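Notes follow the structure.
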Amino acid sequence: MSATIESPRSGRIAPQYQRHGGSRGNFEMVAWLFMRLSGVVLVVLIFGHLFVNLLVGEGIKAIDFGFVAGKWADPFWQFWDLTMLWLAMLHGTNGVRTIINDYAEKDSTRRWLKTVLYSATVVIIVLGTLVIFTFDPCPVVDGVPLPGGFCPA
């Protein structure tokens, strides 16, 4: 005797959970392609980042405020870290967007989850970009150079 088990989503979907809207053109194909290309670029960026930070020089013991300050004094490393930040955030956002589309059944739930996701992405990208480009290793507050003893007088 054999039993047939239906696929979980093969039954009729209740009207309140049906998806509305037509075709979205080539967006999903472009998003799929972006995931593949950004993943390859991220592998190169991340392993380059790890190699420079952990293997070159004194290794992990050398990573401190001065190391980051010296690294970000060079526009090459600012661009490297900025590219890594942007690609990682957009890659992750696209992945979570896909998960939301797959598992959120109500249109309103999907819309709110995506709003929170996109808002968090924009905030992190803007703050990260500001940190990279406005980083000052020798700030002066009320005539006192900070942090104490690091910057030349």
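Under full-length UniProt numbering, the letters of the sequence shown match residues 1 to 153, in that order.
Idealized CB from N, CA, C, for every residue including glycine.
As the structure is a prediction and not an experimental result, all values here were calculated from the model.
query = What residues in its chain sit with their C-beta under 8 angstroms from that of R110, if we drop five residues either side in the sequence?
reply = I100, N101, A104
ask   = Do L85 and G128 have their CB atoms nearer than 8 angstroms?
value = yes
request  = Would you mind working out which of F135, N26, I5 sits nearest L82, comparing C-alpha positions?
outcome  = F135
key: Reduced DSSP category for V141 - H, G, I as helix; E, B as strand; rest coil   = Strand, per DSSP.
task = Report the three-state DSSP secondary structure of G25 (helix, strand or coil).
result = coil
inquiry  = Going by DSSP in three states, T98 sits in which element: helix, strand or coil?
reply    = helix
query = What residues in its chain sit with their C-beta under 8 angstroms from that of H49, if we drop five residues either side in the sequence?
reply = Taken in chain order, the residues that qualify are W80, D81, M84.
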